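*Asks:* Here it is, the structure, as structure tokens.
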Amino acid sequence: MRAPLRWVLWDVKDTLLKVRASVGEQYCKEAERQGLSLSPEEVEAAFRQAYRHYSSRYPNYGIGQGLDGQSWWIGVVRNTFSQCKVQDPALLNAMAHNLYHNFCNAENWEVFPDSKKALESCSSLGLKQGVVSNFDSRLEAILDVCGLLSHFSFLITSEKAGVAKPNTAIFDQALQKCGVPAANVAHIGDHYVKDYLTSRSVGIHGFLLDRKNKHNQRDIPQEHRLSSLEELPSRLQQHME
335 MRAPLRWVLW DVKDTLLKVR ASVGEQYCKE AERQGLSLSP EEVEAAFRQA YRHYSSRYPN
395 YGIGQGLDGQ SWWIGVVRNT FSQCKVQDPA LLNAMAHNLY HNFCNAENWE VFPDSKKALE
455 SCSSLGLKQG VVSNFDSRLE AILDVCGLLS HFSFLITSEK AGVAKPNTAI FDQALQKCGV
515 PAANVAHIGD HYVKDYLTSR SVGIHGFLLD RKNKHNQRDI PQEHRLSSLE ELPSRLQQHM
575 E
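For what it's worth, our numbering labels the leading residue of the sequence shown as 335, then goes sequentially.
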């Protein structure tokens with residue numbers, strides 16, 4: 335007999351919402367407020383390099399090396415602007431702190447048109463919902479200003495958990511909070527390895543959200559794929575009957 339679903343776990347970034355403008359554009363706006371004129375393309379390229387460097391050297395916000403999300407991001411921003419020939423330490427610090435806090439504002443995020451209805455549909459089906467996200471401690475504030483926080487019984491961020499997807503330990507923590515076996519839980523996310531494969535490896539019903547049809551892996555059954563969150567309620571109902 336199949337175990338009926340009780341919980342739905344969600345990834346957040348690029349699943350329920352996305353950054354509204356490019357990092358290059360947002361960073362350049364802050365630089366402009368400080369009297370600097372920089373190229374969004376140059377800043378974007380510098381950011382990608384800084385982000386890769388910090389992610390490699392200090393994985394998961396450097397939690398294991400004495401950092402936290404805020405100090406990690408401030409380092410990334412400072413490194414980004416340093417590559418763009420900004421050298422004034424006070425200016426670098428000011429821009430880094432401003433950008434860190436600005437990303438908690440609703441205008442920097444765009445909620446996908448199908449997100450709220452999908453969350454409401456899950457609640458209507460009697461399912462409880464939680465978040466499992468590779469994100470820092472700002473996530474609660476971001477979900478709040480975007481009008482999504484009330485849908486969730488708990489949030490697990492990789493910063494708070496001390497581990498990040500694809501480490502299965504973060505899903506183990508989520509299952510403890512759910513208080514039910516993995517077979518009673520579904521997870522929705524946009525990343526093939528971090529969301530789909532990792533959740534399924536612990537027995538959770540993983541669904542891969544593929545809005546742009548970019549995932550061509552042949553090991554994903556069609557019933558595990560979602561091209562839109564509008565398809566989700568009917569898929570979940572199949573696991574509740």
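Positions of the beta carbon are idealized from the N, C-alpha and C atoms, including for glycine.
What you are looking at is a predicted structure, and each value in this text was computed from that prediction instead of being measured.
What residues in its chain sit with their C-beta under 8 Å from that of THR502, if we drop five residues either side in the sequence?
*Replies:* So the list reads THR532, SER535 and VAL536, once near-sequence residues are dropped.
*Asks:* Nearest by alpha-carbon distance to ALA495: which of ALA508, SER487 and SER356 is it?
*Replies:* Ranking the options by Cα distance to ALA495, first place goes to ALA508.
*Asks:* If I measure Cβ to Cβ from TRP341 and keep anything under 8 Å in the same chain, skipping five residues before and after, which residues do I get?
*Replies:* Hits under 8 Å: LEU461, LYS462, GLN463, GLY464, CYS512, VAL514, ASN518, VAL519 and ALA520.
*Asks:* Check the C-beta distance from VAL527 over to PRO500 and give it rounded, since I have them as a contact under 8 Å.
*Replies:* Right, the Cβ-Cβ distance comes to about 5 Å (below 8 Å), so this counts as a contact.
*Asks:* I'd like to know whether the C-beta atoms of ILE522 and THR414 end up nearer to each other than 8 Å.
*Replies:* For ILE522 and THR414, no; Cβs fall outside 8 Å.
*Asks:* In three-state DSSP terms, what is HIS485?
*Replies:* Looking at HIS485 - three-state DSSP - the assignment turns out to be helix.
*Asks:* Helix, strand or coil for THR414? Go by DSSP, reduced to three states.
*Replies:* Here THR414 sits in helix by DSSP.
*Asks:* What's the call for GLN360, buried or exposed, on a 16-neighbour Cβ count within 10 Å?
*Replies:* With 16 or more other Cβ atoms within 10 Å, it is buried.
*Asks:* DSSP state of SER467, grouped into three classes?
*Replies:* DSSP places SER467 in strand when its eight states are reduced to three.
*Asks:* Inspect the CB distances between the segment 536-553 and the segment 366-379 and report whether three or more fall short of 8 Å.
*Replies:* Verdict: no, contact absent.
*Asks:* Using three-state DSSP, classify ARG367 as helix, strand or coil.
*Replies:* Three-state result, ARG367: helix.
*Asks:* Return the CA-CA distance between GLN572 and ASP448, expressed in angstroms with no decimal places.
*Replies:* For GLN572 and ASP448, the distance between alpha carbons rounds to 20 Å.
*Asks:* Give the secondary structure of TRP344 by DSSP, where H, G and I count as helix, E and B as strand, and everything else as coil.
*Replies:* Looking at TRP344 - three-state DSSP - the assignment turns out to be strand.
*Asks:* Is it buried or exposed for HIS435, if we count other Cβ within 10 angstroms and need 16 for buried?
*Replies:* HIS435 is exposed by the Cβ-count criterion.
*Asks:* Identify every run of the alpha helix (DSSP H) within the segment 362-407, keeping only runs that are complete inside it and at least 4 residues long; order them along the chain.
*Replies:* List check, alpha helix (DSSP H) in window: 374-391.
*Asks:* Which parts of the segment 496-566 are runs of the alpha helix (DSSP H), unbroken and 4 residues or longer, counting only runs that do not cross its ends?
*Replies:* Within the segment 496-566, the complete alpha helix (DSSP H) runs of at least 4 residues are 503-512 and 532-535.
*Asks:* Among SER455, VAL466 and ARG472, which has the Cα closest to the Cα of LEU563?
*Replies:* LEU563 has its Cα closest to that of SER455, out of SER455, VAL466 and ARG472.
*Asks:* Confirm, please, whether the CB-CB distance from LEU566 to ALA452 is below 8 Å.
*Replies:* Closer than 8 Å, so yes.
*Asks:* I need the straight-line Cα distance from ALA428 to SER356, nearest angstrom please.
*Replies:* The alpha-carbon atoms of ALA428 and SER356 are separated by roughly 20 Å.
*Asks:* Label MET335 either buried or exposed according to how many other C-beta atoms from any shown protein chain fall within 10 Å of its C-beta, with 16 as the threshold for buried.
*Replies:* With a pLDDT of 48 at MET335, under the threshold of 50, the predicted position of this residue should be treated as unreliable, and no value is reported.
*Asks:* Would you call the segment 475-483 in contact with the segment 394-413, where contact means no fewer than 3 C-beta pairs closer than 8 Å?
*Replies:* The segment 475-483 is not in contact with the segment 394-413.
*Asks:* Which class does VAL479 belong to by DSSP, given the choice of helix, strand or coil?
*Replies:* Note: VAL479 maps to helix in three-state DSSP.
*Asks:* Using the rule of at least 16 other Cβ atoms within 10 Å of the residue's Cβ for burial, across every protein chain shown, is ASN468 buried or exposed?
*Replies:* Result: buried.
*Asks:* Express the C-alpha separation of GLY396 and ASP524 in angstroms, rounding to a whole number.
*Replies:* If I take the Cα positions, the gap works out to 24 Å.
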